[in-house]
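Working notes for the structure below.
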Amino acid sequence: MVVLAKPAALEQISLLRTPEPWESFAGVPAVDLSAPGAADDVVRACERFGFFSVVNHGVARGVVERLEHEAALFFSWPQADKDASASGPADPFGYGSKRIGRNGDMGWLEYLLLAIDRESLSKASPAPSSSLRDAINEYVGAMRGLARTVLEMVAEGLGVSPRGALADMVTGEASDQVFRLNHYPPCPLLQGLPPNCSVTGFGEHTDPQLVSILHSNATAGLQIALHGDGDAQKWVSVPPNRDAFFVNVGDSLQVLTNGRLKSVRHRVVAGSGRKSRVSMIYFGGPPVAQRIAPLPQLLQAEGQLPIYREFTWGEYKKAAYRSRLGDNRLAPFQMTLVELQHAHADAAGLHHRS
Ligand SMILES: C=C1C[C@]23C[C@H]1CC[C@H]2[C@@]12CCC[C@@](C)(C(=O)O1)[C@H]2[C@@H]3C(=O)O
Ligand SMILES: O=C(O)CCC(=O)C(=O)O
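This is the structure in structure tokens:
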């Protein structure tokens with residue numbers, strides 16, 4: 001019997017099965033933002049997949065190309081220079097290689113994780129070069145606009161007023177925005193392993209914020225879990241599209257809509273022979289003090305009880321940084337059956353708790 005040892009450098013990174021070409025999922029909704037009825041399409045996609053692409057988004061190609069160029073330049077720096085850049089190893093912000101978060105998650109990637117204040121990079125998140133900083137600032141400005149459009153459409157499609165109620169949380173004064181550039185080089189250590197072996201680029205997780213907007217080059221790797229019944233989880237590969245942006249529903253939007261819109265579990269698979277995947281993601285979070293709870297307007301309109309307890313974004317973030325990447329971070333905030341029964345009885349005036 002031949003026993004294939006896993007190369008030591010991959011010891012802490014999980015192997016995954018290489019996706020088959022036929023697993024490439026043709027069903028990711030593509031929403032034309034300029035079309036009438038786009039708001040309903042956005043809500044439908046967020047309910048069904050928590051994930052969709054947007055076309056006719058109005059973001060100039062040059063904004064993306066400039067950042068792609070700057071990102072490629074930065075990732076080609078000597079390792080020692082990258083390690084010394086952006087104020088040292090990511091914790092959580094800065095340049096990181098393989099380590100994700102603080103609790104032992106590992107992936108086959110390198111990245112820059114940066115904090116954004118309003119329109120531009122925060123002083124606490126220095127960019128490695130001024131040309132990269134300028135390209136990021138221009139790109140992030142475009143993403144804020146796109147996040148606003150998408151969240152206004154969500155509000156419109158759900159009948160939430162004012163139309164800016166959700167968008168303001170992400171683009172207002174003290175909003176907590178994060179930006180990430182990811183680089184997944186081909187993994188040479190997979191050579192010699194069976195061809196069906198891939199490596200985890202970015203482990204499965206949901207994003208904690210309201211929405212994240214992702215762009216990648218033409219290299220595949222992103223997978224999403226389709227929302228199944230119960231625990232059933234089916235992973236499908238998202239065909240890359242350089243002309244589109246992909247929107248992910250985050251946990252906070254799931255809570256605000258009382259579970260009607262669902263955050264999407266996603267991950268990145270890296271292979272041996274492929275080109276590098278480069279992705280750029282804007283994460284739209286609310287101010288630290290923002291209360292996150294099912295919107296009373298929606299509960300009333302739909303005659304529902306809240307299935308989540310209220311928390312502040314600051315509390316959620318603190319808990320997130322103590323969690324492992326793949327954890328279900330909403331579980332501690334879900335109402336228990338007993339709590340729901342009490343709430344139901346209270347609402348119906350059936351009993352009074354002392
Ligand atoms: C294990 C981790 C790593 C976290 C925090 C914690 C749980 C969730 C991860 C993410 C996922 C979405 C982007 C990010 C920037 C975020 O806001 O939450 C990530 C962050 C990090 O990469 O630092
Ligand atoms: O790089 C990608 O395509 C997705 C990565 C991701 O999910 C993340 O950075 O949170």
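First residue of the sequence shown: 1, per the UniProt record's numbering; consecutive thereafter.
Positions of the beta carbon are idealized from the N, C-alpha and C atoms, including for glycine.
Do you know how far the Cα of residue j is from the Cα of residue i?
i, j, result
"G228", "A343", "28 Å"
"L210", "G271", "30 Å"
"V31", "T206", "21 Å"
"D81", "E11", "26 Å"
"L190", "A225", "24 Å"
"A320", "R291", "16 Å"
"I213", "P29", "15 Å"
"L325", "L337", "27 Å"
"M1", "P195", "For M1, the predicted model reports a pLDDT of 47, less than 50, meaning its position is unreliable and no value from the coordinates is stated."
"E156", "P306", "21 Å"
"P21", "Q297", "44 Å"
"L222", "D251", "19 Å"
"T171", "S125", "19 Å"
"S129", "L295", "42 Å"
"F93", "L113", "5 Å"
"A86", "S14", "28 Å"
"residue 370", "G145", "Residue 370 lies beyond the stretch modelled for the chain, which goes from 1 to 354, so this question has no answer here."
"L256", "A293", "5 Å"
"P19", "A26", "14 Å"
"F283", "A345", "39 Å"
"A8", "E204", "22 Å"
"K123", "A90", "15 Å"
"V63", "E339", "49 Å"
"E65", "N248", "22 Å"
"S354", "A347", "Per-residue confidence for S354 stands at a pLDDT of 44, beneath the threshold of 50, marking its modelled position as unreliable; the derived number appears in the next sentence. Spanning the two alpha carbons is a distance of roughly 15 Å."
"E110", "N182", "6 Å"
"A218", "V269", "14 Å"
"V288", "V150", "21 Å"
"P286", "L261", "17 Å"
"S263", "R242", "23 Å"
"D105", "D134", "31 Å"
"L16", "A84", "31 Å"
"D117", "E173", "8 Å"
"residue 364", "V43", "Lying before the first or after the last residue shown, residue 364 is absent from the chain, which here runs from 1 to 354."
"S53", "K275", "22 Å"
"G58", "A38", "14 Å"
"K165", "T312", "Sequence check: residue 165 is Ala here, not Lys. Distance between the alpha carbons of A165 and T312 is about 16 Å."
"E310", "W235", "31 Å"
"P332", "Q341", "18 Å"
"G349", "R329", "33 Å"
Does the Cβ-Cβ distance between residue i and residue j come in under 9 Å?
i, j, result
"A142", "A167", "no"
"V278", "Y184", "yes"
"F202", "R99", "no"
"L73", "N56", "no"
"S24", "A220", "yes"
"S161", "M169", "no"
"F179", "S216", "no"
"G96", "P186", "no"
"S120", "E70", "no"
"F75", "V238", "no"
"L253", "V154", "yes"
"Y308", "N258", "yes"
"Q233", "R265", "yes"
"M280", "E68", "yes"
"Q177", "A115", "yes"
"N137", "S323", "no"
"G159", "A301", "yes"
Have a look at the DSSP bridge pairing and note the partners of residue i.
i, result
"F52", "V247"
"G104", "G104 pairs with nothing; no bridge assigned."
"Q79", "Note: Q79 sits in no beta bridge, so no partner."
"G37", "Answer by DSSP bridge pairing: none, since G37 is not bridged."
"I292", "F311"
"D32", "V55"
"residue 398", "Only positions 1 to 354 of the chain appear in the structure, and residue 398 is not among them; the question remains open."
"L151", "None, per the DSSP bridge assignment."
"L16", "S198"
- Fully enclosed by the UniProt domain "Fe2OG dioxygenase" (174-286), which alpha helix (DSSP H) runs are 4 residues long or longer? 251-256
- Message: Report the start-end ranges of each alpha helix (DSSP H) in the segment 311-342 that is 4 residues or longer and not cut off at the edges.
- Response: 313-322
- Message: Report the start-end ranges of each beta strand (DSSP E) in the segment 86-140 that is 3 residues or longer and not cut off at the edges.
- Response: 94-100, 105-117
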